[in-house]
Amino acid sequence: MSGLQIPMEHVLALAGLLFSCGLMGLMLRRNIIFMLMSLEVMLNAVALAFVAAGAQWGQADGQIIFLLILSVAAAEVAVGLGLVLQIQRRFKTLDMDQARRLRG
Amino acid sequence: MSMAVLILMLLGGGLLAWQSERIHPDLPRWTALATVIVALVFLLVSLPPEQPTLPTDPRGTGDWLLHLKLAWMPRFGIALELALDGLSLLLLVLTLLLGLIAIASSWSEIDFKPGLFQANLLWTLAGVCGVFLAVDMFLFFLFWEVMLIPMYLLIAIWGHENKTYAATKFFIFTQASGLLMLLAIVVLAWQGLAASGRLSFSYFDLLGLTLDPRLGWWTMLGFFLAFTVKLPAFPFHTWLPDAHTQAPTAGSVLLAGILLKTGAYGLLRFCIPLFPEASLQFAPIAMGLGVAGVIYGAVLAFAQSDFKRLVAYSSVSHMGFVLLGLYAWNQLALQGAVMQMVAHGISTAALFMLAGALQQRLHTRDMGRMGGLWHQAPRMGACAMFFAVASLGLPGLGNFVAEFLVLLGLFAVQPWLAALAALGLITAAIYSLWMMQQTFQGSPDEQRKLADFDVREMLAMGTMVVALVWLGLYPQPVLDLAQPVIDSLQHLVPSDNAVVALAPGAAVNKP
Amino acid sequence: MAGVWLIPLLPLASALLLILSTGKMPRQLVALLGAGSVGLAAICVALLARDFLADGEVRQLTLWTWLAVGEFTPRIAFYIDGLTVVMMSVITGVGFLIHLYSIEFMWDDESICRYFAYMNLFVAAMLVLVMADNLLLLYLGWEGVGLCSYLLVGFWYRDPANGRAARKAFIVTRVGDTAMALGLFLLFTELGTLDIQPMLVAANSHWQVGDSLPILATALLLGGAVGKSAQLPLHTWLPDAMAGPTPVSALIHAATMVTAGVYLIARTFGLFLLAPPTQEAVAWIGLLTLLLAAFAALAQSDIKRILAYSTISQIGYMFLALGVGAYASGIFHLVTHAFFKALLFLAAGAVIHCLHHEHNIFRMGGLRTRLPVIFWSFLIGSAALAALPFTSGFYSKDAILLSAWEIPGIGPWLWAGGLLGAMLTGIYSFRLVFVVFFGSAHTEPDRQPGWKMATPLIVLCVLSLLGGLLVLPLSGVFPPAAHPAASHAVEYISIGTPLLGLLLAYLLFLGRQLSIDTLADGPLGRGLSDLWLKGWRIDQLYDAVWVRPYLGLSHWWRNEPVDRIYNALVSLCQWAHHRLCALQTGQLRWYATSMVFGLVLLVAIMLRNAT
Amino acid sequence: MMATLFYLAAFIALLATGLALTRTNAAHALIYLIVSLLAVAVLFFLMGAPFAAALEIVIYAGAIMVLFVFVIMMLNVGQEGIEREREWLSARNWVVPGVLAAILLLELLLALRAAPATTSGVAVTPKEVGLALFGPYVLAVEIASMLLLAGLVGAYHLGRRFIVRRERRR
Amino acid sequence: MTVMDFQALLPLLVLAAGATLLMLQIAWVRSPDLTGALAALILVLAALSCHFAVAAAPLQVTPLLLADRYALLFCTLFCLAGAVTALLSRDYVSQGDQPEEFFLLLVLATMGACVLACAVHVASLLLGLELLSVSLYTLIAYPNKSILPLEAAVKYLVLSGAASATALFGFALLYAATGTLGFSAIGQGLEETGMGQSVLLPAAVMIFTGLAFKLSVVPFHLWTPDVYDGAPAPVTGFLASVAKGAVFVVLLRLFLDANLFRYYRLVEVTGLLAIFSMVAGNLLALLQTNIKRMLAYSSIAHIGYLLIVLMVCTNSANQALAVEAAIFYLIAYTATTIAAFGLLTLISCDPSGRENIQLQQVSGLFWRQPVLACLMLVALLSLAGIPLTAGFIAKFYLVNAAVSGHHWILLFSLVLGSSIGIYYYLRVIHYMARRPGEHGTEHETISNRRGRILCGLLIACILLPGIAPQSLMQYLRAILH
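Protein chains in written order, with the working numbering: chain A, 35 to 138; chain B, 527 to 1037; chain C, 328 to 938; chain D, 7 to 176; chain E, 1151 to 1631.
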């Protein structure tokens, strides 16, 4: 089985697009769950870029980094969602604009 | 070795004084007193009987009486290098004497944590002694900075109503300028590396470097700033009135008497010898600042209603003479500057002690609320009068010799500046006499009870009176001590004419 | 004579003792110490003078080298020649009499100890001034007497006005002193020494007559002299200095200190000879001062202020003498003036003492019979002051006027001015006598002067009368003056003018043949008398030109303009702090945004540079 | 044909992501996100990374997203939450993030312009990946295990308290 | 993997084994004291093991990790810092429920830092960074009585995640350009690649952004005060010293190995940000009344000082000195920061608001707790860079490095920043020195003998390199030559 020969700039542009979407979500959303989702989108974009680069060089390294990113994402999400639960309990909201006790 | 012992002695004495508070609240001051006396005796005893020939640099930087060099940070060519020459000795003796005065003046003033107070006092003295002894630039900087901390604490803890502001201002001014000096020191050392291939912070190694003129100029400026902030010269003086005013009496005595002298010492020992060419270029500006300081300080001193503030501004004025003397750069003016360091140290210390005594008794420094005190405290009045006229430069007292020599030396170089600076003599009279009028003359408030000086205070005052008269009538020992340093400074410029050349129109044709 | 150093030391030691006693000494001892030390010094001076008159030898004594910096090696050393001996005699002699007088005058004052301490200190400083071998030591004495003057003018410190007068005295003279100090700098820089005799020699070898440097140097020295001797334009302090005790006025502000300027110029006459313009300026300053002060004296009503203006005026004569090169005459007038002016002041002091500290002459009157000793003293003093024939003042003033006449060109003008001054002197001095001692009594004296007061008065009366016969040993000091060869007419006019003044005074104030009121009530008269009363309004002028601007400046600077810069820096930091802190909103979205913003910015920077 | 599929999948991924991030209902968003992840898995497959594609589906879309589902279900935000979300997504709030993201994208595209390469077209088989993973990258696996341990412990500690409290409330 | 490999990685192995051991121990018996002591023991052991690892160094263990003396020195430092943190936080966490896992996470975080210290590959960088961060998320949110830690943790998690993603995206671009993931290989690849700078520079900037965020360089600093403020004091100390130190170490390694200094524009940007950080950090701290926030801002400034090193490194002649300076600075800064936050831990004992330490709380500390106050004084002076402290020698090093490279603007920013900085350090000192009666309410402090001994030791660690730094200097030189 073989893969396609896709111009790298297209793949990377897609990754960049996804990455920007993630960043925009991060800046736009106040709900912490959406923020975490945006993070996932960003990580996913990074993963895409790595896999594409790996495919460009025909190396396994890209996929391995993807695997590592996957574990990172898993760990972060696990902790992040744990925090989300705590936030709901303490702040009674998921709106991060409400969490502004630390400032100045 | 004895120099290191001297510093350690003061440090240890401080610790001892601090801890002795646990035994009895009166013990710290006795401990401090004993420490300083022992240190003074030790210093005088440990002087070599005759002047040994010690390492002198190629340019012949004076004769060093003592020299000590221990390895410290060979990585950077930094050593624990101390050396003592006449100038250092002079200032050390002054330091320790004024240390005694400071302890005496704080004898009954401090009731809050007297142990820590005396400890800080002694540590400040130790730092100042280090400054006067260090000949490794890094070590010098270290002492320069470290002496600030106990001084800061003295002001910040035992100061008067506005102590936070004053202490912080004092610290930031000196620290910021000190950082510039650190920068300059490092630049200098790296220039030395480029020249000799060896990184060294030793004064002797750095003397006589030929620097790139522009870099040399900026480096010199770094030193100059640090020293003139400490001196203080116009326009870097504004920390001084606040610090002096808010400090406890002993703090003011130390500040005015000794700490200001470290600035002058730095200029004399480091700034000018290390950068003769740049200093020569800079001399007109420096002298301009000196004159500005003389007049500005005097005018502002007259404008004050706070006794200590007045004295503080008078210090600005007097230290302007030091700056003038140093940069006029001939034998007379340099000797005058050294004399001024000593004489001003004593006279101002005395005035601050007096101010402290008044504040302790009247709980005010506002001269508007004094007046006619002579009636109730003639001994105080007499002392005040003596030191007021000393500070206005009455002949026969040390300050006169100093100011006269400075102006005499300056006149040969810059007659017009000398004429301007001589205005300081008039303005000094104006504020000194106005101070006397507001405090001791005028009609007394009969209800007021005022205890006159007691034996302890009279003893301290008497010492200073005798010292000033001695300096005024027979200053030769002091001049002789400083002479080697001044000789070496003069060797730095091709000849006297080089300086004179700065001032076209000044003709020197000595017979 | 090796014991010369004892002469200044005696009063100095006494002063120190008195200071150290801090007022706890019994009065008798204070008086003994205070007056005795000066008396002893006077005896020493007398012995010295005897020796000197016997051999005429200049004596030099070096105690120690004051300081030695390179070529600058002033010594604590004394130089005693005829001029010095004369000055020392006056200082210790008149000084002793005044000290004696003071014992009684100050007996009731609680601070008598302080008084004598200051007085002795003054005598010591004045002696150092005149004995000094170099200008630096002279300057020491010079400033020392200034300090003592300050201390004594402000002796009664409770009254702020006295303090003000004292400060004024010190500061105004300090202005002159500073000029003098500059003169010393110039002299040292140019001639390489401040020792007077070598310096004069060096000056002669370095400079030609009319060079600019000696003119500058002498002008600066003249500044010092003008300040100390209360000449125009620095004379304003002297009338106010009368705030001190009257014996102080007698000693310091009449007999000795104020003549220091004269002494200085006489001492350094060699320099002035090299600078004819300055020399001429001295003469004109003297003339102008003597006239202005004489006019001002006419209008005063305070007994001491009249005497003060007259002192200014008389020193003007001395300056005139110096300016016309009649140094010996100037010094002669200095000596006679010391006698009669001390006498006048002491007599005035006695009047004040006996009249419950009354100063206004118009509240006195008719004292001729009530205080006869004082009256006679005053009369003799005034006669000498007015230079009535055969009094001491006559001889000295006459010599000056004749010398002035001799000067080619400006001489007659100076002479005429001096004559006008002499006439005015006659008017105001006898106005004083007539108003105070004749007419009807306004205040009754409550006591009579005791022997301690009377003795000095009597001795001074004798000196004032006979002082003109003294021959001062000045021949070795100054170049011999050409013998006055003026015509007799000139001499007669000189003799007659003071008599004319006396006559006018008689007509105006005693005989009332001329109505002073009609003179004074006219618009011109009123204006002039007001102007003169206020000393030509020079004080007001100085107030406007110097004092107020200085006060304004200090007030303006009071709050540290320099600190504003630093405060602005601090404010800038604080402002930046608040702005930056405003970014710390605590809002997570904003933090993310800022991060992206930073990223965008950095990438933009990179891309810009890459392309 | 395959290339078309690639661009189609890319389009779907982009669209789904965009939709996911603009939904007001978290559950809906999650579904869109899963769609996006699946589309990316297709891309992986097409680029010759079948192992990555499989993991993307199994772990990313399958495991990680399920965590989200759990949490959303536990929190049970409800209708007013959705209303609030809609309110927060007003146009005004879009401006700054939109502009910034657009600029960043523009910059990235500008930078990527000059990349001439293509993907190699050679598939990297799971075997190769496995060999690399347990060859040079063996330590990465070990450290990743530690990472997961940290995540696990953290999630346990943070989540546990929530669960304990809930149970207690019941 | 050979025995040598294992020896070279000994500290990591000790930490990994320790983490496992801790987990087992927690499962077996729950005892905060035991776990805390065990964790400290493990961390100390790991630090000691570095000594043995040095024998095998330098050794490249798989493409991922390089155990050289540089890395091992930092491993030692981080492990020791972790041990101190473990000891300091003992009291802090024992009041909450289930405090044992805290220590486990601490060990894991330390391990992450050590991985970063050894990392020479994108994979190890990624894992180290995330291991550190993920552990920290939980550590920050660990106390459960206050909501501030929670808020801090969420902020840190979201932003740090985004930053990691940004850095990774940059690495992905680099990978696409060069086809390798090892640092030095990337460097070589960059030299050869034709893709040129147009992609490289944004990629490098993204990497730098990601790491700069973790270092809280201006303008990526906004999170810092909030997180410092909200986190428990010992964790803040750990975060400020170890986490930052590790990131800086890897940043420096990346720049050195890949020789990014070739791209002067990039270095220039770091210089610019250094200036921003120095000035803005100090300005931000200027009037802070919350001590933890103040220290957070000051840490921004300190990172600014540290970034000077990157500029100096551009000239290869000065590289050794610059790196030496950086190492010394990191050591000094770590010791000082841990000590400062440790002291804050001891000072604040009020269980309800102990995350929030206001200036008012240290008012008069000199008279209430003289020893504690003196220690605090030394720590503050070290932060301010006053002589006789490690902080001063560190600053001196930096100045030397910068002077050797003639970076005058940076030097002046350093002076300017330090001058501003003195003010707020002094303010704390001033508050501590307030006399009784000058401050409002008395604040209780716990007298914790163990904590004080520990802080005393730390202060010795600050003073010793400040007074006699020669041996450390010698060692650093030996490492680098």
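Using N, Cα and C, we set each Cβ at its ideal position, and we do this for glycine too.
{"Check": "Inter-residue Cα distance where the pair is C:ASP486 and B:GLY968", "Outcome": "6 Å"}
{"Check": "Extent of the continuous beta strand (DSSP E) to which C:ILE770 belongs", "Outcome": "First, the residue type needs correcting, since residue 770 of chain C is Thr and not Ile in the sequence shown. First-last for C:THR770: undefined, no H or E at that position."}
{"Check": "Own chain, CB closer than 8 Å to C:VAL786, minus 5 neighbours either side, in chain order", "Outcome": "LEU424"}
{"Check": "Same chain, Cβ closer than 6 Å to B:THR650, neighbours up to 5 away in sequence not counted", "Outcome": "MET673, PRO676, MET677, LEU780"}
{"Check": "Under 7 Å by beta carbon: chain D residues contacting A:VAL85", "Outcome": "PHE50, MET53, ALA55, ALA58"}
{"Check": "Proximity below 7 Å, CB of E:ALA1190 to CB of E:ALA1236", "Outcome": "yes"}
{"Check": "Three-state secondary structure assigned by DSSP to B:MET599", "Outcome": "strand"}
{"Check": "Members of the stretch 914-929 of chain C that neighbour chain E once the beta carbon cut-off is set at 9 Å", "Outcome": "LEU915, TRP917, TYR918, ALA919, SER921, MET922, VAL923, PHE924, GLY925, LEU926, LEU928, LEU929"}
{"Check": "Burial state of B:ARG548, where buried means 16 or more other Cβ atoms lie within 10 Å", "Outcome": "exposed"}
{"Check": "Nearest-angstrom Cβ-Cβ length linking C:LEU598 and C:THR545, presumed shorter than 8 Å", "Outcome": "5 Å"}
{"Check": "7 Å Cβ cutoff, B:LYS1036 in contact with chain C", "Outcome": "Confidence at B:LYS1036 is low in this model, with a pLDDT of 38, below 50, so its placement is unreliable and no value can be given for it."}
{"Check": "Cβ-Cβ separation, E:TYR1479 to E:LEU1530 (assumed contact under 8 Å), whole Å", "Outcome": "With a Cβ gap of about 17 Å, E:LEU1530 and E:TYR1479 do not count as contacting."}
{"Check": "Proximal chain A residues relative to D:VAL101, where beta-carbon distance stays under 8 Å", "Outcome": "Near D:VAL101 there are no residues of chain A at all, since even the closest Cβ is about 10 Å away, more than 8 Å."}
{"Check": "Bridge partner(s) assigned by DSSP for C:THR389", "Outcome": "C:ALA404"}
{"Check": "Pair within 7 Å by beta-carbon distance, B:GLN644 and B:PRO551", "Outcome": "no"}
{"Check": "Between the CA atoms of C:TRP534 and C:LEU540 - distance to the nearest angstrom", "Outcome": "8 Å"}
{"Check": "Any C-beta of chain E under 7 Å from that of C:LEU899", "Outcome": "no"}
{"Check": "Per-residue DSSP class, three states only, for B:ILE604", "Outcome": "strand"}
{"Check": "Range of the contiguous alpha helix (DSSP H) that encloses C:VAL897", "Outcome": "888-909"}
{"Check": "Pairwise C-alpha distance: E:ASP1376 and E:TYR1413", "Outcome": "34 Å"}
{"Check": "Nearest residue (CA-CA) to E:LEU1402, options E:GLN1438, E:HIS1371, E:MET1461", "Outcome": "E:MET1461"}
{"Check": "Exposure of B:ASN688, with buried meaning 16 or more beta-carbon neighbours within 10 Å", "Outcome": "exposed"}
{"Check": "Buried versus exposed, by CB contacts within 10 Å (16 or more), D:GLY160", "Outcome": "buried"}
{"Check": "Other residues of its chain near B:MET987: CB distance less than 6 Å, five sequence neighbours each side excluded", "Outcome": "CYS909"}
{"Check": "Which residues DSSP lists as bridging C:PHE399, in chain order", "Outcome": "C:VAL396"}
{"Check": "Beta-carbon proximity of D:ARG29 to D:ALA22, cut-off 7 Å", "Outcome": "no"}
{"Check": "Run of the beta strand (DSSP E) containing C:ALA581, from where it starts to where it stops", "Outcome": "Careful: C:ALA581 lies outside any beta strand (DSSP E) and carries neither H nor E."}
{"Check": "B:GLY922 versus B:LEU850, B:VAL992, B:TRP900, residue with shortest Cα-Cα distance", "Outcome": "B:VAL992"}
{"Check": "Paired residues, beta bridge with B:LEU592 - DSSP", "Outcome": "B:LEU610"}
{"Check": "Length of the line joining the Cα atoms of B:THR953 and B:ILE821", "Outcome": "7 Å"}
{"Check": "Chain-ordered neighbours of E:MET1261 on chain D, where CB pairs are closer than 7 Å", "Outcome": "MET152"}
{"Check": "Residues from the stretch 542-571 of chain B in contact with chain E, defined by Cβ distance under 8 Å", "Outcome": "none"}
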